[in-house]
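These notes concern the structure reproduced below.
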Amino acid sequence: MATKSLKARHDDLVIGNKQLEILNGGIFKDGELPYFKDKIAQTGHFPLRPKKLEILQINVGYMCNQVCEHCHVDAGPDRKEIMTRDTMEQCLEVIRNTGAHTLDLTGGAPEMNPDFRWFVEEASKAGIKDFIVRSNLTIIRANKKYYDLPEFFKKHNVHVISSMPHYTKGKTDKQRGDGVFDKSIKALQELNAVGYGMPDSELRLDLVYNPSGAYLPGDQAAMERDFKKALKNDFDINFHNLFAITNLPIARFLDYLIASENYEDYMYALVEAYNPSAVASVMCTNTISISWDGWLYDCDFNQMLDLKVASKVKHIKDYNEDVLNDRNIIISQHCYGCTAGAGSSCQGTVA
C-alpha cells in the first residue's frame, strides 16, 4: 500500500504526457492492438461527439485522507491542489445557467476543501435535480469536524455516492489501507441513522465498486445483490444501488499494472471486451469535467491526463455551453476501460 502520491514520489507517471506515451506506444504502436479511434471507427462512432449536456462534474481538489492503490486522481494527504472560492464562484454562475440537471462533486475527498460546505450550500440553491457528492466514507470518521457530515448532507438533500471496494475487511483494506473497512462500515451506519439508503427513502446512498486487481468487474446486478445481502446480514446496513466501475489504466493504477507486469494483459482484456453498444452512452458524451483550477475536460479521466477539451472554450471563466457542445471528444487507449463489457461510467454500467 502506497503512503505517498505519485507526485510526492516525483514519479514520471504524474505527468499526463508520460502516461500517454505508454498508452499510445508498445502493443498499440506495434499494431498488436488497435488504437481506440480505429476501433470505434469500425462501428461508426468516430469522431466521438457530445450529446445534450446533463452532468457537470466538478473536482474541488486532489487532497484526500487516503492513498488508494488504484486511484486515477493520484489523490492523497500530500496533494495540495484545492479549488479556490473565486473558481467556485465561476462554477456557481455556470450551475445557475446550465441546462445540465446533475451536479457531481468529486476529489480527492471533496469534503476536505475548506470552502466545501459553503459551496454545497450555494450550489443547492441552484435547483439542480440530482446533487451528488462522492465520498470515500472514511472522511466522515477522520476528524471530529467531519462527524456531522451525514446531517449536513441530509439538510441539503445531497445524493451520496460512496466508494466501497468490497463487503469484506480483507479486500477493502488491501486496496485502501488498514482500518478503512471498519471506518467505512461506521460511516455507512451513521448515514443510515439519518435516513440515507433506507428502503423508500429519498436520501440516496449508492456504493461504488472497483476491482482490487488487474481484472474487469463482474456483473453489476449480481454484485449488488451480494453486497446488499452481506452488508445487511453482517452490519444491518442498507443502500440503494451499487455501481461497478472499471479501473482505467492511468495514474496509480497504471503504475500498479506496470509494476506487477500486468499492463499488456490488462489492455488485451479491455480491447477483447470492447462493446460497441456501450460507446453511445459513455459519460464523456453527456458530461463536462471541471478541474480544481477551472479547466474543462471531456471527463474526469482526461482531466488526469491533462487532455483539455478540443474547443475555443477551455476554462470555466469563458464557459459557453453551445460552443462546448460543438466539439470532438478527445480519446486515447484508456477509453477502452469505459467501453469494455457492459461499459463503465461514474454512474456504473452503461450498456
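Numbering-wise, the UniProt record's numbering puts 58 at position 58 of the sequence shown, and it's gapless, one number per residue. Don't be surprised by glycine CBs; every beta carbon is placed ideally from N, CA and C.
Item: Meets three-Cβ-pair contact criterion under 8 Å: the region 120 to 128 and the region 167 to 174; Value: no
Item: Under the three-state DSSP convention, the category residue 245 falls into; Value: coil
Item: Residue 249 burial status per 10 Å Cβ neighbour count (16 or more: buried); Value: buried
Item: Short Cβ contact (7 Å threshold) for residue 55 with residue 100; Value: yes
Item: Backbone secondary structure at residue 55 - three-state DSSP; Value: strand
Item: Exposed unless 16 or more other CB atoms sit within 10 angstroms - verdict on residue 183; Value: buried
Item: Bounding residues of the alpha helix (DSSP H) (the contiguous stretch that carries residue 395); Value: This structure cannot settle anything about residue 395, because the visible part of the chain is limited to 1 through 351.
Item: Run of the alpha helix (DSSP H) containing residue 268, from where it starts to where it stops; Value: 263 to 272
Item: Burial state of residue 323, where buried means 16 or more other Cβ atoms lie within 10 Å; Value: exposed
Item: Of the listed residues 335, 342 and 341, nearest to residue 40 (C-alpha basis); Value: 335
Item: Backbone CA spacing between residue 301 and residue 253 [nearest angstrom]; Value: 12 Å
Item: Inside the region 151 to 237 only - beta strand (DSSP E) runs reaching at least 3 residues; Value: 159 to 163 and 205 to 209
Item: CA nearest to the CA of residue 191, picked from 157, 214 and 224; Value: 157
Item: Backbone secondary structure at residue 331 - three-state DSSP; Value: coil
Item: Beta-carbon spacing of residue 305, residue 16 below 7 Å; Value: yes
Item: Neighbour-count burial assignment, residue 376, 16 or more Cβ in a 10 Å radius; Value: Only positions 1 to 351 of the chain appear in the structure, and residue 376 is not among them; the question remains open.
Item: Where residue 25 falls, given that 16 or more other Cβ within 10 Å makes a residue buried; Value: exposed
Item: Cβ pair count under 8 Å reaching 3, the region 255 to 262 against the region 30 to 50; Value: no
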